[in-house]
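Worksheet: the structure to be examined is printed underneath.
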Amino acid sequence: MGHGVNRTVKIWIDGQLVPEDEAKVSVMDHGLLYGDGCFEGIRIYNGRIFKLGSHLRRMWDSAEEIRLQSPYSMEEVERAIRETVSANQLTDGYIRLVFTRGVGTLGLHPFLCPVPTVFVIADTIKLYPQELYESGMQIIVAERRRVPRECLDPQIKSLNYLNNILAKIEAIDAGVLEALMLNMEGWVSECTGDNVFVVKDGAVFTPPPDAGILNGITRQFLIDDLGPSLGLPIQEKLFRLEEVYQADELFLTGTAAEVIGVTRIGDRVIGDGTVGPITRRFVSEFRARVTSDAPED
Ligand code: PMP
49 MGHGVNRTVK IWIDGQLVPE DEAKVSVMDH GLLYGDGCFE GIRIYNGRIF
99 KLGSHLRRMW DSAEEIRLQS PYSMEEVERA IRETVSANQL TDGYIRLVFT
149 RGVGTLGLHP FLCPVPTVFV IADTIKLYPQ ELYESGMQII VAERRRVPRE
199 CLDPQIKSLN YLNNILAKIE AIDAGVLEAL MLNMEGWVSE CTGDNVFVVK
249 DGAVFTPPPD AGILNGITRQ FLIDDLGPSL GLPIQEKLFR LEEVYQADEL
299 FLTGTAAEVI GVTRIGDRVI GDGTVGPITR RFVSEFRARV TSDAPED
């Protein structure tokens with residue numbers, strides 16, 4: 049695989065930059081055997097790594113929650129990320145940072161794996177087709193509920209994404225690309241890889257972290273920064289599916305998705321069935337800010 053003509057993708061793995069076909073993880077790695085590990089997805093815009101500090105902090109929080117100690121310091125991982133981006137000559141793209149538990153025995157015991165595997169991939173990404181950003185996206189409500197915090201906190205960005213993947217399969221089976229997930233109490237939580245926002249009578253709402261969601265870095269950027277600067281403060285609030293159906297506008301956020309409007313859920317049309325004016329303001333402000341000369345964090 050290459051980004052363009054005659055360019056080999058370079059992967060940073062366990063301290064070295066190597067061509068993609070040499071970047072290998074053992075079949076005995078618990079990241080593969082058990083999904084034991086954690087990861088981050090990070091965007092590069094105009095040569096700047098967007099919210100790198102927040103992503104590194106969340107990575108360290110995830111690792112701490114699963115009691116995985118990175119063999120590299122945060123500064124070393126930051127340097128590895130920057131090296132990988134420049135080795136691949138990327139000014140716009142997507143970075144995947146992964147910690148796995150490492151190579152171990154055929155048993156769950158995580159602490160019998162002496163050294164975590166660490167790798168960084170920097171490449172391009174296109175999550176949803178471009179035309180959906182104009183026309184709005186169609187999604188479904190998944191039958192499958194989001195895993196409860198008491199079982200596996202969605203705040204941990206772990207390598208265990210089967211809960212999300214099974215909901216994503218429901219979406220694909222229904223002919224769409226995303227599924228909205230409810231938590232076990234029936235509150236709206238998030239989509240399979242994106243956070244969710246509702247607009248009603250000019251006000252913007254999003255579920256709070258205790259709805260059992262990943263507290264997205266894009267989500268937090270909208271709450272802390274874009275919302276207030278647009279004069280559209282965002283309120284965290286638990287809400288039911290009925291409030292989504294009755295919303296004027298609905299949109300999703302995520303590192304890969306960025307900001308995207310949703311115009312249908314199943315056979316229900318949201319608002320007037322087009323990407324609404326408030327969603328459009330967030331989409332364009334987001335674009336303006338991430339591509340501006342603003343500091344990385
Ligand atoms: N929820 C889930 C389940 C995710 O996997 C992601 C990241 N793809 C998000 C929300 C969005 O988070 P962020 O804005 O940090 O990418």
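Residue numbers (the numbering used here): 49 to 345. Beta carbons are placed, not taken as given, at the ideal position from N, Cα and C, and that holds for glycine.
Within 8 Å of the C-beta of R197 there is not a single heavy atom belonging to the ligand PMP. Taking the CA atoms as reference points, T153 sits about 15 Å from V73.
Fewer than three pairs of CB atoms, one per stretch, sit closer than 8 Å, so the region 202 to 220 makes no contact with the region 167 to 178.
What you get when you keep residues with a C-beta closer than 5 Å to any heavy atom of the ligand PMP is E238, G241, N243, L262, G264, I265, T266, G302, T303. By the Cβ rule, the region 139 to 151 counts as touching the region 77 to 87, because three or more pairs are nearer than 8 Å. Taking a cut-off of 8 Å for Cβ pairs, the region 220 to 230 and the region 158 to 169 do not touch, as fewer than three such pairs fall below it. CA-to-CA, the gap between Q203 and L280 works out to about 26 Å.
Sequence-distant partners of K58 (beyond 5 residues in either direction) whose C-beta falls short of 6 Å from its own C-beta, in its chain, are L65, A135, N136. Per DSSP, reduced to three states, the secondary structure at W60 is strand.
The continuous alpha helix (DSSP H) containing S110 extends over residues 100 to 113. Contiguous alpha helix (DSSP H) elements confined to the region 214 to 238 do not occur, taking only those with 4 or more residues. Residue environment for G63: exposed (fewer than 16 other C-beta atoms within 10 angstroms of its C-beta). Closest by C-alpha distance to R197, out of I143, L262, C239, is L262. Contact check for R194 and E238: beta-carbon distance about 7 Å, within the 8 Å limit, so the pair qualifies. Along the length of the region 265 to 321, whole alpha helix (DSSP H) runs at least 4 residues long occupy 265 to 269, 289 to 293, reported in chain order. For Y209, there is no enclosing alpha helix (DSSP H), since its DSSP letter is neither H nor E. Here K248 has A295, D296 as same chain residues with Cβ atoms under 6 Å from its own Cβ, once five neighbours each way along the sequence are excluded. Three or more beta-carbon pairs separated by less than 8 Å link the region 240 to 259 to the region 271 to 289, which places the two stretches in contact.
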